[in-house]
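Chemist:
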Amino acid sequence: MTFRFYSVPAWALVDSKEKKPAEAAEELTPVDVDAATLPAVLHQIEYRGWKALDRATELVAAQSPAVYARSPNDLPALLRTADQLLTMARVDAGERAQLWRCQKCGTRYAVPVALVRPVSLRCERCEATVELDPARAEGEENITDPRTAAVNSARYALAAFFREAMARGWPVLVAKS
Numbered sequence: 001m002t003f004r005f006y007s008v009p010a011w012a013l014v015d016s017k018e019k020k021p022a023e024a025a026e027e028l029t030p031v032d033v034d035a036a037t038l039p040a041v042l043h044q045i046e047y048r049g050w051k052a053l054d055r056a057t058e059l060v061a062a063q064s065p066a067v068y069a070r071s072p073n074d075l076p077a078l079l080r081t082a083d084q085l086l087t088m089a090r091v092d093a094g095e096r097a098q099l100w101r102c103q104k105c106g107t108r109y110a111v112p113v114a115l116v117r118p119v120s121l122r123c124e125r126c127e128a129t130v131e132l133d134p135a136r137a138e139g140e141e142n143i144t145d146p147r148t149a150a151v152n153s154a155r156y157a158l159a160a161f162f163r164e165a166m167a168r169g170w171p172v173l174v175a176k177s
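Be aware that the sequence shown starts at 1, since it is given in full-length UniProt numbering, and climbs by one per residue.
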């Protein structure tokens, strides 16, 4: 089951006259978080003694949309969840590497920082000589596979979303996507 998180002002949750959700003029959603990556993002993350993924799945199964967290009661728990997301992203970030580029064809070369030393090698595409000199490196990056990089990016975005929703005092909702 796929789901999504979003947040609206508390007054927009229920229209007291008709007991229906009111139209929200503004909606806050996590940026760059794909519903397909949410299970991987929330894996091993806890919220109030529950696995965050299990709680979201259970709430969506019972009723959609459902309130996942509400300020101020859930503020400390949701901030701890955001901290866990950031910690998991840092742990899974991968090894740092210095980058070089072939001057002729633009092929990129990355060498883990721990293994960097001055060396020359032939470019595998154009056979030009590439100088891997630490003083002339283009920069540094994390070496991760694309899936891990996408999950970590979503973790950062979801943590920022949780923090922003709680800062505004808006409830965090979970709904089927």
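No residue lacks a Cβ here, since even glycine has one placed at the ideal position from N, Cα and C. From a predicted model like this one, the values you see are computed outputs, not experimental measurements.
(1) Considering Cα atoms alone, identify which of Leu-53, Arg-55, Arg-122, Asp-74 is closest to Ala-165.
(2) Rounded to a whole number of angstroms, what is the C-alpha to C-alpha distance between Ala-40 and Phe-161?
(3) Can you give me the C-alpha to C-alpha distance between Val-130 and Gly-139, rounded to a whole angstrom?
(4) Return the chain-ordered ranges of every alpha helix (DSSP H) run that is complete within the segment 133 to 174 and spans a minimum of 4 residues.
(5) Whole angstroms are fine: how far does the CA of Asp-34 sit from the CA of Ala-154?
(6) Does DSSP put Pro-112 in a helix, a strand or coil?
(7) Let's test the definition: count the other Cβ atoms within 10 Å of the Cβ of Ala-97 and tell me whether it reaches 16, buried, or not, exposed.
(8) Who pairs with Lys-176 in a beta bridge, going by DSSP?
(9) Return no unless some Cβ of chain B is closer than 8 Å to the Cβ of Arg-108.
(10) How would you write the range of the beta strand (DSSP E) that Leu-13 sits in, first residue to last?
(11) Are the CB atoms of Gly-106 and Thr-144 nearer to each other than 8 Å?
(12) Which value, in whole angstroms, describes the spacing of the CA atoms of Leu-13 and Leu-28?
(13) Quick check: the segment 67 to 87 against the segment 39 to 55, are at least 3 beta-carbon pairs closer than 8 Å?
Modeler: In this structure, then:
(1) Relative to Ala-165, the option among Leu-53, Arg-55, Arg-122, Asp-74 whose CA is nearest is Asp-74.
(2) In a straight line, the C-alpha of Ala-40 is about 17 Å away from that of Phe-161.
(3) Spanning the alpha carbons of Val-130 and Gly-139 requires a straight line of approximately 16 Å.
(4) Restricting attention to alpha helix (DSSP H) runs no shorter than 4 residues, the segment 133 to 174 encloses them at 146 to 168, ordered along the chain.
(5) For Ala-154 and Asp-34, the distance between alpha carbons rounds to 8 Å.
(6) It is a strand residue.
(7) Counting Cβ neighbours within 10 Å, Ala-97 comes out buried, since at least 16 surround it.
(8) BP columns for Lys-176 point to Phe-3.
(9) Going by chain labels, chain B is absent from the structure shown, which holds only one protein chain.
(10) Counting along the chain, no beta strand (DSSP E) covers Leu-13, and no H or E run does either.
(11) Going by C-beta atoms, Gly-106 is not nearer than 8 Å to Thr-144.
(12) Roughly 14 Å between the two C-alpha positions.
(13) These segments touch.
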